[in-house]
Structure formats: C-alpha cells, structure tokens
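Asks: Heads up: the sequence shown begins at 132 in this note's numbering, then just goes up one per residue.
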Amino acid sequence: MGAIQGSTFLQTYDLGSNGPGLQEVRRAFEFLDESQWWRQEQMREWQLTKLAPLVAHAARRVPFYRALYGDRASVETWDDFRSLPIVTRAQFADTEPREREASFALPEHKVLHTTYTSGTSGRRLQISITQRLQLWRYACILREWDWLALDPRGDCAILRAPIAPGSDSWNESLGAEVYPTWQGPALGALVRFGKGFNFDIGRPIERIAEALDEIKPAFLHGTPTYLQVLADHLRHCRPLALLTLSEQLFPQVRQELEQRYGARVFDTYAAVEVNRAAADCPSGQGYHLHEENVFVELLDESDREAPPGVPARVVVTSLHNYATPVIRYELGDLAEYAEGACPCGRGLRRISTFHGRQISRFLLENGRVCIATPIVIALQDTPDVRAAQIRQKSYDDFEILVMGRTDFTAEETGDLQRRFDTLLQRPARLTYQFVERIPPLPNGKTPRVVIDFTP
Ligand SMILES: [Zn+2]
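(1) Report yes if the C-beta distance between valine 309 and proline 355 is below 8 Å; otherwise report no.
(2) Am I right that threonine 504 and isoleucine 332 are in contact with their C-beta atoms under 8 Å? What's the rounded C-beta distance?
(3) If isoleucine 490 and glutamate 389 are in contact, beta carbons under 8 Å, what's the gap, nearest whole angstrom?
(4) Spell out a yes or no on whether the region 413 to 433 and the region 514 to 529 are touching, meaning 3 or more CB-CB pairs, one atom from each, closer than 8 Å.
(5) Beta carbon of serine 304: closer than 7 Å to some heavy atom of ligand 1?
(6) Using the beta-carbon of each residue, find all residues closer than 5 Å to any heavy atom of ligand 1 and list them in chain order.
(7) What are the residues that DSSP puts in a beta bridge with cysteine 501?
(8) I think valine 360 touches isoleucine 502, with their Cβ atoms under 8 Å apart; what is that distance to the nearest whole Å?
(9) Would you please state the rounded distance, in angstroms, between the beta carbons of cysteine 287 and glycine 319? I believe it to be under 8 Å.
(10) Of the choices Ala183, Gly137, Val516, whose alpha-carbon is the least far from that of threonine 448?
(11) With 16 as the cutoff for other CB atoms within 10 Å, does tyrosine 460 come out buried or exposed?
(12) Return yes when the Cβ of alanine 372 is within less than 8 Å of the Cβ of arginine 391, no when it is not.
(13) I need the DSSP call for leucine 358, collapsed to helix, strand or coil.
(14) Check whether the Cβ atoms of arginine 157 and glycine 478 sit closer than 8 Å, and answer yes or no.
(15) Assuming leucine 532 and glutamine 548 are in contact, meaning their beta carbons sit under 8 Å apart, how far apart are those beta carbons, in whole angstroms?
(16) How big is the Cα-Cα spacing for glutamate 432 and valine 186?
(17) By the three-class DSSP mapping on this structure, what secondary structure does glutamine 383 have?
(18) Do you know how far the Cα of glutamine 167 is from the Cα of glycine 133?
(19) What is the residue span of the beta strand (DSSP E) that cysteine 287 lies within?
Below, the structure is given as structure tokens:
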C-alpha cells in the first residue's frame, strides 16, 4: 500500500477565486483525491448508489431506455444492473436524437451545450453536456494534473483538429487560436493554466513546427501519430510533457516520443459519450479508470467480465449524465485489465492497454505519413454526407466514396481539392463515387481512410 496523503495540487495552484461553481469543483476534486484510495468494495458500493437512480430515471424519462427496459427497470443489486441489455453505437445511432434525451431535467442536469461523437460509421451522435457532467469533468482533469505532477501554468499547444480561421482569438501569423488559459475560462478561473494555442492541423506541418519553435510551449496536446510526425520538423521547441489522446499508444511509440522530445508522455482515454474515462498512473504502470465518473466493464463474448490480460469489449456507463443517459453502452474499443494491484496503492481499477484506435493517415512519397483528420472532418461535415471513405490509390491519386449524396457542387469539390493540395503540398488527383453503401473491408471494418496501393 502506498502512503495515503492529500494532494497538494490545489494548495499550490489554486488562484483563490470564487466564481460560480468553483467551490463545487474544489469539493469534487477533494472527493476524487480521497476516493482514489478506496478499496474496490467501497467503490462498487458508491457506484451502485449512482446507478440505481440513473437507471430509474432513464427508464421513466428517456423513450429509448423505456422501450429497451420496460417499466420494470429497477436496480438494487449488481446482478440487476448486469441484467440490463447492452446498447451498441449502431443501436443508439438508429434512434432519433430526441428519443435518447430525458424529457425533463433538474437544475443541476440542465443542458449547457451539446456535443457530437466523431461518427466512425458516418453517423454522429449528439450528447448533451450538463452542469453536473462539466463539474465531474473538471474534477477529473484536476486529478489528471495532480497525477502528472507538473506545473500547469506552462503554455500548451493543442494539435487536434482543423480550425477555421476568423474567430476573435485567431492569430493569422501563428495559424492558431490563442486563449489566455488553455483549459477554458471556467477552470482557468480556479487554476491558471497557461496560454493555449489551438493550431489548425489542416496547415502544413512545417509551418506549425515553425510557430512552435517560436512560442516554445511547455505542453503539446495531440495524437501520438501527429506528434511523431511533428518531431521531424521541430528544432527549438522542448516541451516538458506530451499530452496524448484519441489513439492507441503503443509502448514503442511512447518510448520513441519520450526519447525524441526528452519529455514525459501522459496519455488519457476519453470518449464523447462519457468524457474522462482513464489516465496514466503516475507509477507508469498502466491507466487508472476515473471510476467516480464512469463505470467501465470489459466484457468477453458471453458478456462476462474478462480476466486481466485478455482484450475485451469496453462497455461504459456515465454515472452523471441525466440528459443523454449512456448506460451499458459499447464504445467499440477493446481494452485489457492489468494484472494485480497497482504499486501506487490507488484502488481505482487499472487498464494495461487500450486497443484499436487508429488515426487516419495518408502515405507520402518520402516514406513519411501525414494526418488525414482535417480532410476526414471536412468530408464528414459536408451537408447530407452520411458516410465517406477515402481510398489512397497512389501517392497522388485518391478515390472518395460518398454515401448520402448523388453529387457534389463545384464549390464543395473545389474546397476539398484545396484541402488535399494544402495538406499534401502537391496537387492531388481526386475522383468521386457516390454510392448506396460503403462496403466493409474483409476484417468487417469500414475505416475512413484506406491505403489501397503498395508503396
Ligand atoms: Zn497506480
């Protein structure tokens, strides 16, 4: 057992301000700081007190769950909970968004805003974010910083998505939006996170590297693949840590990134449907689940909890979302439990590996890759496109399969052409096929980018 001690994170970095809700965030963080040391039985007991009212609420107030569970749904024991049917992403996507929303909400479950999943199958899911969800999200972020144990006041470059220029915070010469505090104004009122530079990753990576060499941020926040490619172009930028997400981080990639940047790598696992789900243990021995935010099950083919070391389906329940309840929901990822107790002494269950998430990429002639995300997102955001797949046929030839439309306007093809040319830094040849459906590959998957030639 490690020594149980209170965190000094807030004592050190708390700005002392008392804006709306900040006291609640402090309390939620203090709770997480204590509950992380609970034994498993205590955590299960606590989770059950959250699951029971959640399921009752969903069965009563959410048409989707009412149809699924009937009106007899009540959870008093873990067996009750485990007898609830598992919901797949496809099942969720086949339902009208309002069928998945609760018909009324208490003040703390008031919807602040809605967000969308990335829609791997081309169908994006709308998830409502409430005040309560935001509170737990903030508390989990603070705990992650406590685990990371680095000064949060350093600047951070965010390298995650294409950004449309033109917002008030847009800085044209950097090609980034610039924020005074990178975790957002609400959490920034509690802890002064450093400046945020949200880069448009649709721009050529050389230009982004030049900007980074100039501003020298303490943290780089992006996918492992993007940071690997970026390392080839940086000269003066020496970050303290790489905050990675969204993609399976293979041990050899982690090691390569640590060596090339001379920086810590801190990986997190989250999903739009449940927000923060897991983060690297400070001991370096796997990921701890944020068990107070999300109940995670790793299930085998017969829906039983898989033993450590066996890849199993990730099924999640958001403990706090009463607006768009997410209950026994299969994310489509695989993960495996780590063996035995964690050397750090925390009771939070531990995952050794999250499998399978891969970032879309194109091959370049120089043997490198470039991240296809900006184009994938542009295609997906084109009106009425239900799904799309880009097949790279040679270094310069791309075949684009589109479902949901019968043609594109000249403006739309012009826009895509410009994005390809900018990203690849040479003219791309694009052909379009408007199809009824996109056939899955022999492995049953329908990826958004397929490399369809042998270099
Ligand atoms: Zn640990």
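Just so you know, even glycine gets a beta-carbon here, dropped at the ideal spot from N, CA and C. The structure presented is a predicted model; accordingly, all values stated were derived computationally and were not measured.
Replies: A quick look at the data gives this:
(1) Against a cut-off of 8 Å, the Cβ pair of proline 355 and valine 309 comes out as no contact.
(2) 7 Å
(3) Rounded, the Cβ-Cβ distance is 19 Å, inconsistent with contact.
(4) no
(5) no
(6) Cys412, Ser414, Cys473, Cys475, Arg477
(7) Phe493
(8) Taking C-beta atoms under 8 Å as the contact rule, valine 360 and isoleucine 502 qualify, at a distance of about 7 Å.
(9) Not a contact, Cβ separation roughly 12 Å.
(10) Ala183
(11) Residue environment for tyrosine 460: buried (at least 16 other C-beta atoms within 10 angstroms of its C-beta).
(12) no
(13) helix
(14) no
(15) About 17 Å separates the two Cβ atoms, so there is no contact after all.
(16) 24 Å
(17) It is helical.
(18) With a pLDDT of 45 at glycine 133, under the threshold of 50, the predicted position of this residue should be treated as unreliable, and no value is reported.
(19) 287 to 292
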